[in-house]
Amino acid sequence: MTRVLLVLSCLPEDAHRLAAATRRRWPEADLTVILRATHRQVCARELEGAELLDDKPQGSRRDFVRALRRQPFDHGVVAWTGSHSHWPSKLAFALARVRVREVATERGLFAWSLGNIVRHVLWRAKDPVHATAGMPAGLAWPLALPLACLRATVGALVGPLVTLGRALGRRAAR
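With numbering that gives the first Met the number 0, the residue at position 31 of the sequence shown is 30, and numbering never jumps.
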């Protein structure tokens, strides 16, 4: 039997569309789906009989990835539709044992490869609607890409340190 890994790292309406398309493409497949708890209701009919894994697993994330790697998959599809804060799910997809990987975007499916991903990211950066998604209102779209890169790198590194520092400062003040 064909085993398929589906990672719904997207908004609920995109998750519903992609879950339905995956069921049509592989109706008899043994389907494993990584998704947010809020997406379960939206996709309940399409995901009936599938193994559902929460994108925020209980316990160690390392154990979650190890368990995922124990299962070889024939096909894998990850949603990459521009919604933010789904990078851990995409990383889990990258680390899973999948023979044929595909990325589902707002422009359709393409093979998982560095070249295709770079082309898609560049396309998104050139599009004013996608480049400024989640950015301050009124920001000129050519500035959005450097700001997004800064926020994703420096912000991701400094943010947790600032939060930890504030928490320790409050604790010491008590």
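Note that CB positions come from ideal geometry on N, CA and C, so glycine has one too.
- Given a length threshold of 3 residues, each whole run of the beta strand (DSSP E) inside the stretch 42-129 is given here in chain order: 50-53, 72-78, 97-104, 107-110.
- By the 16-neighbour rule on beta-carbons within 10 angstroms, residue 13 is buried.
- Under the DSSP assignment, residue 31 falls in the beta strand (DSSP E) whose first and last residues are 29-34.
- The closest CA to that of residue 51, considering only 37, 107, 103, 61, is found on 37.
- In this chain, residue 4 is not harboured by any alpha helix (DSSP H); it is covered by the beta strand (DSSP E) spanning 2-6.
- Annotation: residue 26 is outside any alpha helix (DSSP H) and is labelled neither H nor E by DSSP.
- When Cβ pairs closer than 8 Å are counted between the two stretches, the stretch 17-27 is seen not to touch the stretch 90-100, the count staying below three.
- Linking residue 73 to residue 39 through their CA atoms gives a straight-line distance of about 24 Å.
- Relative to residue 16, the option among 67, 104, 99 whose CA is nearest is 104.
- The alpha-carbon separation between residue 63 and residue 56 amounts to approximately 7 Å.
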